[in-house]
Amino acid sequence: MEFTTLISYVIAFFSLFTLNVFILLFLKHRHEYLKRPECSGKTPTVSIVMPAYNESRYIAESIQCLFGLDYPKDKLEIIVVDDGSTDDTYKIAGSFKDSPISIHAFRKENGGKGAALNFGIKKAKGEFIATMDADSFVTKDMLRELLPYFEDPEVMAVSPAVKIRPSDSWLKELQRVEYLMILFSRKLLSFLESVPVTPGPFSMFRKVVFDKVGPFDEHNLVEDQEIALRIQSHNYKIRSSMVAEVYTEPPANMKDLLSQRVRWQRGGFRNYWRYRHMIKPEYGDFGMYSIPMQFATIGSFFSLVALMLYTFLTTPYYVRYIWFEAFGMGIDLFTFIAVFVVLLSTFFLYLAVKSFEGEKVKLRYFITFVAFYWYLMFGYNMLFLLKEVKKEAFSW
63 MEFTTLISYV
73 IAFFSLFTLN
83 VFILLFLKHR
93 HEYLKRPECS
103 GKTPTVSIVM
113 PAYNESRYIA
123 ESIQCLFGLD
133 YPKDKLEIIV
143 VDDGSTDDTY
153 KIAGSFKDSP
163 ISIHAFRKEN
173 GGKGAALNFG
183 IKKAKGEFIA
193 TMDADSFVTK
203 DMLRELLPYF
213 EDPEVMAVSP
223 AVKIRPSDSW
233 LKELQRVEYL
243 MILFSRKLLS
253 FLESVPVTPG
263 PFSMFRKVVF
273 DKVGPFDEHN
283 LVEDQEIALR
293 IQSHNYKIRS
303 SMVAEVYTEP
313 PANMKDLLSQ
323 RVRWQRGGFR
333 NYWRYRHMIK
343 PEYGDFGMYS
353 IPMQFATIGS
363 FFSLVALMLY
373 TFLTTPYYVR
383 YIWFEAFGMG
393 IDLFTFIAVF
403 VVLLSTFFLY
413 LAVKSFEGEK
423 VKLRYFITFV
433 AFYWYLMFGY
443 NMLFLLKEVK
453 KEAFSW
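Taking the numbering used here, the leading residue of the sequence shown gets 63, the next gets one more, and so forth.
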């Protein structure tokens, strides 16, 4: 067997294995993933920390949606941290004089999102800390749905369902499908105690966790993932809700989308490499499955790139090879496996979309996602590799 053929089969096997794990998790827990723990009726104090940088377009709506929370207003406080914005973000945040919830607006020199979060957490008085992006919008039952998970004293963080509002933009709709798939996957990973991120749009923490594991990493590309990995490294639990919802504003154009996703890819790779020491049985499924799966995913991508380059450089009449050999003029075992992977991926995506009541995706967007979104993911990874090699700086 040629080396290139071996690489192809390894990638195919890994894809099948990963998809089967997720589908089996769904079948095992299909009656549980919408449930939440029973609520004791307690209403602890909650501080909502909102870091903001040039968010004058959305911050007023984000703050106003918090006024509608179904929760005692005297148990809440909103802390807005303007991280050196050059627009009217701070002015807007400080304009809510007669609000039903106590609002404190602060301004500091630009230091990044992690620094803004830590600044706000130090000012917070609540027993629980909720972190929220200034372009996100919560539903009124958010706190009522998330707080019951903290009845388990080992749970240190809980995240809601992060969604995108329906749109006529094909790019936003593709991202909406992707978010549903990611959320579905994250919920399934919670059954393995393997939630890898506390999303920036909205997440809740026990305030004491920052004393136990430390504050947000102020120099991290994706601080919301790093803090989750650090919580996991201390063997605490993170939960994910499929019922509590927060809507976030996605990138509206390809340039902003690529910038966001390359940052996620670069930060994710660095974070998993930083926590590679967790590949041990003492960290359970997170250490023995979740982290190795991330490295395997990255390895598969780089192997695929190497395979494509090798084929391009060594195969004559490459275009003819692509169309007549790779796409169907000769059906071999690998072609059969590849088709099966595509079908299984489509089925998994269908499960993800159908698992959310009230979420409808038009057929044309579903088909477009299946057919083309993977090429965008390939583009993210290529840019991630290029920027890592060039050691480009980043900003939020």
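Positions of the beta carbon are idealized from the N, C-alpha and C atoms, including for glycine. The model shown is predicted, which means the values in this text are computed figures rather than measured ones.
Between residue 294 and residue 355, the alpha-carbon positions lie close to 16 angstroms from each other. Residue state for residue 138 is assigned as strand, using DSSP reduced to three classes. Boundaries of the beta strand (DSSP E) around residue 191: 190 to 194. Taking the CA atoms as reference points, residue 311 sits about 25 angstroms from residue 251.
Burial is judged here by how many other beta carbons sit within 10 angstroms of a residue's own beta carbon; residue 205 has at least 16 and is buried.
With fewer than 16 other Cβ atoms from the protein chains shown falling within 10 Å of its own Cβ, residue 426 counts as exposed. Residues of the same chain with a CB within less than 8 angstroms of the CB of residue 271, apart from the 5 flanking positions on each side, are 218, 219, 293, 298 in chain order. Taking the Cβ atoms as the reference, residue 291 lies roughly 5 angstroms from residue 337, within the contact range of under 8 angstroms.
Between the alpha carbons of residue 362 and residue 406 lies a gap of roughly 18 angstroms.
DSSP places residue 105 outside both helix and strand once states are collapsed to three, so it counts as coil. In this model, residue 402 and residue 306 are separated by some 34 angstroms (Cα to Cα). Taking a cut-off of 8 angstroms for Cβ pairs, the region 133 to 144 and the region 176 to 189 touch, as three or more such pairs fall below it. Around the beta carbon of residue 92, fewer than 16 other beta carbons lie within 10 angstroms, which makes this residue exposed. In the three-state DSSP reduction, residue 145 falls in the strand class (E or B). Remark: C-beta atoms of residue 133 and residue 107 do not approach each other more closely than 8 angstroms. Here the alpha carbon of residue 349 sits roughly 44 angstroms from the alpha carbon of residue 149.
Contact between residue 182 and residue 111 holds: their C-beta atoms lie close to 4 angstroms from each other, under 8 angstroms.
Within the same chain, 141 come within 6 angstroms of residue 166 by CB-CB distance, once the 5 residues on both sides are set aside.
Taking the Cα of residue 118 as reference, the smallest distance to any Cα among 196, 87, 174 is reached at 196. Under the three-state reduction of DSSP, residue 278 is assigned to coil, being neither helix nor strand.
Excluding five sequence positions before and after residue 227, the CB atoms of its chain that fall closer than 6 angstroms to its own CB belong to 309, given in chain order.
Contact between residue 410 and residue 81 holds: CB atoms are separated by about 6 angstroms, below the 8 angstroms threshold. For residue 257, DSSP records no beta bridge to any residue.
DSSP places residue 84 in the helix class (H, G or I) of the three-state scheme.
It is roughly 32 angstroms from the alpha-carbon of residue 135 to the alpha-carbon of residue 258. Residue pairing by DSSP puts residue 113 in a beta bridge opposite 143. The three-state secondary structure of residue 252, taken from DSSP, is helix.
Distance from the Cα of residue 198 is smallest, within the candidate group 276, 284, 122, 278, for 122. Under the three-pair Cβ rule at 8 angstroms, the region 231 to 244 counts as touching the region 424 to 438. Between the alpha carbons of residue 137 and residue 263 lies a gap of roughly 21 angstroms. Membership of residue 167 in the beta strand (DSSP E) is indicated by the continuous run 164 to 170. Note that the region 82 to 89 does not touch the region 160 to 179; fewer than 3 beta-carbon pairs, one per stretch, sit closer than 8 angstroms. In the DSSP assignment, residue 158 falls outside any beta strand (DSSP E), carrying neither H nor E. DSSP places residue 310 within a strand segment (E or B) once states are collapsed to three. For residue 300, the three-state secondary structure derived from DSSP is strand. Here residue 115 is buried, its C-beta having at least 16 other C-beta atoms within 10 Å.
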